[in-house]
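Asker:
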Amino acid sequence: MGTMTLALRRRSSSLGVPRRVSIEAMDRESLICEAILRDEDIERALDIDWVADDETCLRVGWWLVKHTGTLFHVGRRLLELSTPGGALLPPPEYRMCRETEPTEEELFSAPMLQPWSLILFQTGSRPAVWRLGGSVYHPDHECCWIWTKLLFLHREKRMARTDEGWVRLGKRMSA
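Spelled out as structure tokens, the structure:
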């Protein structure tokens, strides 16, 4: 490490300037400002009063998680801050499959996922996906841990359609 690098490092730390700002440490207002600065279309796309309340944070958050990279992470953090307990659920209209009702047989034969966790996951240049994970319990198979793509969440029946099939949802892990 050169003397210049060491001098610059000492100087920036002595001035109290943080080297990196963490999205996790930002408050709602800072996150909304960051969204406006990073996404030039957001102000035109969202006709809202730019106040850091739950409604604004949810609308901005859902807009941003359609993107990748930093915009996605800012959006997900806004959604977490606007959700009681920080445990995200997809919006009620979320549906990645045609099948939205389990058959009678699937209602009774579906394995139980408990405890389960649901995350909004994004990596690289791929769009975000909802991932459902947990311990799978079924009388005919050994207990195992899975992570699978969520296709539909049936809130009333406490079931989820995944790319592996239907699962019943037991207790959710705390956020």
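Every letter in the sequence shown is one number past the one before it in numbering that gives the first Met the number 0, and letter 145, counting from 1, is 144. Idealized CB from N, CA, C, for every residue including glycine.
Identify the continuous beta strand (DSSP E) that holds G132 and give its terminal residues.
Answerer: G132 -> beta strand (DSSP E) spans V128 to H137.
Asker: By DSSP's criteria, W165 is part of a beta bridge. Which residues make up the other side?
Answerer: The partner list for W165 (beta bridge, DSSP) reads R160.
Asker: Using a 10 Å radius around the Cβ and a threshold of 16 neighbouring Cβ atoms, would you call R75 buried or exposed?
Answerer: So R75 counts as buried.
Asker: Look at the alpha carbon of R37 and the alpha carbon of L30, and state the distance between them as a whole number of angstroms.
Answerer: Each residue's alpha carbon lies about 10 Å from the other.
Asker: Which whole runs of the beta strand (DSSP E) in the stretch 70 to 154 are 3 residues long or more, in chain order?
Answerer: If we require 3 residues or more, the beta strand (DSSP E) runs fully inside the stretch 70 to 154 come out as 111 to 120, 128 to 137 and 140 to 153.
Asker: Could you tell me the alpha carbon to alpha carbon distance between T161 and L45, rounded to whole angstroms?
Answerer: If I take the Cα positions, the gap works out to 31 Å.
Asker: For L167, which residues of its own chain have a beta-carbon under 6 Å away from its beta-carbon, when the five flanking residues on both sides are left out?
Answerer: In the sequence as presented, Leu is not what sits at residue 167; that position holds Arg. Taken in chain order, the residues that qualify are A109, M111 and M158.
Asker: With DSSP as the reference, please indicate the residues paired to R27 in a beta bridge.
Answerer: Per DSSP, none; premise fails for R27.
Asker: Can you give the beta carbon distance from L77 to L117, rounded, assuming they're within the 8 Å contact cut?
Answerer: At roughly 17 Å, the Cβ-Cβ gap does not stay under 8 Å, so L77 and L117 are not in contact.
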